[in-house]
Structure formats: structure tokens, C-alpha cells
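Report on the following structure.
Numbering (the numbering used here), first residue to last: 445 to 762.
And the structure:
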């Protein structure tokens with residue numbers, strides 16, 4: 445059976461994170477090799493999440509805390525190529541470089557899985573594709589509103605430069621400007637990417653082309669958005685990506701299906717965490733109990749190292 449490593453960045457939301465991993469393990473656990481859990485160096489709302497790897501006994505978790513907190517900052521192209529600490533602080537990059545498997549599954553820490561997404565994505569990728577997941581942020585894209593493109597037919601939209609500019613002029617959007625279109629390669633548009641919410645990356649096919657082995661920017665690099673430059677540059681050298689959007693839901697405990705606003709709005713954050721806590725208690729009671737105990741201990745001990753509880757957890761210090 446093909447083993448697939450998992451990359452998840454944890455920025456707050458311990459209950460959402462626990463639901464994400466518990467539901468993923470339930471449905472796709474037989475495919476999972478190692479889980480690379482990147483705990484961002486800074487956390488929102490004074491949150492504590494360092495105990496989360498210990499909530500999943502018998503799971504091989506690599507717990508990584510980068511030296512630099514990048515958040516949603518745009519990539520500093522002067523640093524990423526020669527500064528390893530900076531490069532390995534880019535989300536998912538430690539997993540991308542450290543995985544020994546041919547596939548890496550990437551997920552946000554606020555997803556809910558309903559089926560064997562990893563197994564189904566591996567099948568969908570096969571030998572023809574370099575990744576699978578939701579293609580495009582079409583709700584922001586001029587080509588979508590012009591009716592000429594969407595995630596399911598992104599390969600079919602091959603406009604000339606003049607045709608691309610005409611679409612942008614007729615359907616203006618927040619991040620797709622005339623200046624953002626390359627005359628030699630009019631597509632992909634800036635909103636086109638492999639969505640990081642839940643996606644599969646074919647490491648065997650892409651690794652040699654991507655930093656540090658190649659010249660293409662890392663998947664987790666923020667340019668127009670996470671992964672947009674990575675996606676466009678790989679497409680331009682012939683890589684293909686499969687639109688796949690079933691079996692999971694992003695931000696299931698938010699009203700609008702978006703997780704980012706909660707990172708800066710405490711009321712939204714608490715509401716989403718309350719929903720995830722209730723779901724975890726109802727559907728994964730053993731994991732819920734571990735989270736409750738370890739969260740309480742962490743609060744009481746104010747970050748004191750409570751020790752390894754017996755599972756396979758690798759703590760990585762960069």
C-alpha cells in the first residue's frame with residue numbers, strides 16, 4: 445500500500461486541529477506514514493497548542509517549531525534561497541523537504557473529513573498529475589465571471605495575451621490586474637492554484653523542480669496567495685493538476701466557510717472552537733479527553749514540559 449505523509453500547520457484552534465486529524469486518521473489512517481505538524485512560532489489569542497501531538501497515541505508525528513514566524517507575510521526572495529532557517533519556516537516546507545514518501549497530503553488545521561480523501565486522491569493523481577485538490581479561487585477570478593474557466597476546466601482555458609487582458613478589463617477583480625499577466629504565458633491567472641485546504645502533492649514528480657533542489661518557489665510561499673507561483677510555474681513546464689473537492693469541508697464550524705477571520709477576531713475564534721469542541725466530544729471522545737486533560741495541564745503549568753506520554757512523537761528543534 446502506498447504510504448502518504450501529511451503536513452499540517454497549527455496556528456491556534458486546538459479543537460479544530462484535533463477534529464481535522466481525528467477525522468483524517470479515521471478515514472485515511474491506513475495510508476498515512478508520518479504526520480509533520482508545524483506549530484507556528486507565534487500563536488493567536490495567547491493560545492497553547494504544543495500538547496497536540498500527544499493527543500494521538502500510536503501515530504508517528506514529527507512536531508516542528510520553525511525559528512521564524514512568517515504568517516501571511518509575502519515571501520522575501522532575498523532570503524529564501526540561502527537562509528535555511530527562513531526557508532524551513534515557510535509553511536509545509538519542512539515536510540516537503542523531509543518526507544521520504546512519494547506523496548504529501550497537505551491540510552489546514554480546520555477541516556473535517558468524511559471519506560478516504562487521501563486514498564481517493566492518490567488514485568485520482570495516478571501517473572498523469574502532479575497534485576489533486578480544489579483548483580482555483582474562482583470567486584475572485586475574471587475568467588470565472590466571464591464564463592470561460594473554472595477549476596474543472598482550468599487546463600482548457602488557453603487565451604492569447606490580448607484575450608486575457610480583455611477578460612480582465614470586462615470583469616475587474618481584487619488581485620488580477622493587467623500588470624499581473626505575462627505576455628508569454630497569459631495563464632494561469634493569479635487566482636489559480638492548488639488549494640492548500642486539503643490537497644495531495646506528488647513529491648516524486650515535483651521535488652526536483654522546487655527549492656531547494658530546483659528554482660520554483662516553495663508550495664507554501666506567499667506571493668499572490670499560498671501556492672500560486674508554485675502552481676503557475678509547474679504548469680508552465682508541463683505539470684498537470686486534478687480538480688478534486690469531495691469528502692472534506694473547510695472551516696466546518698464557521699458560518700461562512702472561512703477560517704482566517706477568526707485569527708484576528710476573538711468572538712469568531714471562540715465560536716469556531718466551541719463548535720469543534722462539541723463535535724470532538726460527540727464523535728471522538730477518547731481524543732477529546734486527551735485534549736481536555738493536556739490542555740488543562742498546560743494551562744496550569746504555563747508551558748512547563750509535561751513530557752512524552754508514550755507515543756511516537758519526534759520533537760524537531762531547528
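Glycine included, every Cβ here is placed at the ideal spot set by N, Cα and C.
Report task. Identify, in the order they occur along the chain, each residue of the same chain with its Cβ nearer than 8 Å to the Cβ of residue 464, setting aside the five sequence neighbours on each side. Result -> 452, 551, 552, 553, 554, 555, 556 and 557
Query - Of the residues 666, 686 and 657, the one placed nearest residue 525, counting alpha carbons only - result: 657
Query - Buried or exposed by the 16-neighbour rule on C-beta atoms within 10 Å, applied to residue 484 - result: buried
Query - Contacts around residue 388, its chain only, beta-carbon distance under 7 Å, and the 5 residues preceding and following it disregarded - result: Here the chain comprises residues numbered 445 to 762, so residue 388 is not present and cannot be evaluated.
Requested in this report: Compute the distance between the beta-carbons of residue 449 and residue 480, then report whether it is under 8 Å.
Outcome: yes
Requested in this report: Give the DSSP-derived three-state secondary structure of residue 719 in the structure shown.
Outcome: helix
Query - Pairwise C-alpha distance: residue 527 and residue 734 - result: 38 Å
Report task. Put residue 593 into one of helix, strand or coil per three-state DSSP. Result -> coil
Query raised in the report: How big is the Cα-Cα spacing for residue 535 and residue 613?
Result: 34 Å
Query - Extent of the continuous alpha helix (DSSP H) run through residue 563 - result: 561-569
Requested in this report: Any chance you could list the alpha helix (DSSP H) runs of at least 4 consecutive residues sitting entirely within the region 640-678, in chain order?
Outcome: 647-650
Requested in this report: Assign residue 740 to one of two classes, buried (16 or more other C-beta atoms within 10 Å of its C-beta) or exposed (fewer than that).
Outcome: exposed
Report task. Please say whether residue 646 and residue 569 have beta carbons closer to each other than 8 Å? Result -> yes
**Report entry** Own chain residues within Cβ distance below 6 Å of residue 683, not counting five before or after
**Finding:** 574
Query - Inter-residue CB distance, residue 627 and residue 668 (contact presumed, cutoff 8 Å) - result: Contact doesn't hold; Cβ gap of about 18 Å is too wide.
Query - C-alpha distance - residue 651 paired with residue 643, whole-angstrom precision - result: 16 Å
Query raised in the report: CA-CA distance, residue 726 and residue 720?
Result: 10 Å
Query raised in the report: Considering only residues of the same chain and omitting the five flanking positions on each side of residue 533, which have a CB-CB separation below 7 Å?
Result: 510, 511, 512 and 514
Query - Cβ-based burial, residue 686 [other Cβ within 10 Å; buried from 16] - result: buried
Query raised in the report: What residue from 715, 584, 586 and 579 has the CA that sits closest to residue 595's CA?
Result: 579
**Report entry** Among 731, 491 and 655, the one whose alpha carbon lies nearest that of residue 467
**Finding:** 731
Requested in this report: Could you check if residue 738 is buried or exposed, using at least 16 other CB atoms within 10 Å of its CB as the buried criterion?
Outcome: buried
**Report entry** Contained beta strand (DSSP E) runs [length at least 3] in the region 521-552, N- to C-terminal order
**Finding:** 547-551
Query - Minimum C-alpha distance to residue 690 - residue among 564, 659 and 584 - result: 564
**Report entry** Contained alpha helix (DSSP H) runs [length at least 4] in the region 450-510, N- to C-terminal order
**Finding:** 458-472
Report task. Report all residues from its chain with a CB closer than 8 Å to the CB of residue 599; omit the five preceding and five following residues, and keep chain order. Result -> 684
Report task. Would you tell me roughly how many angstroms separate the C-alpha atoms of residue 661 and residue 546, rounded to the nearest one? Result -> 19 Å
Report task. Could you tell me which residues DSSP pairs with residue 735 in its beta bridges? Result -> Looking at the DSSP assignment, residue 735 forms no beta bridge with any residue, so it has no partner.
Query raised in the report: Does DSSP put residue 555 in a helix, in a strand, or in coil?
Result: strand
Query raised in the report: Taking buried to mean at least 16 other C-beta atoms within 10 Å of its own C-beta, is residue 664 buried or exposed?
Result: buried
Report task. Check whether the Cβ atoms of residue 589 and residue 615 sit closer than 8 Å, and answer yes or no. Result -> yes
Query raised in the report: For residue 716, which residues from the same chain have a beta carbon less than 6 Å from its beta carbon, with the 5 sequence-adjacent residues on both sides left out?
Result: 697, 698 and 706
**Report entry** Backbone secondary structure at residue 694 - three-state DSSP
**Finding:** strand
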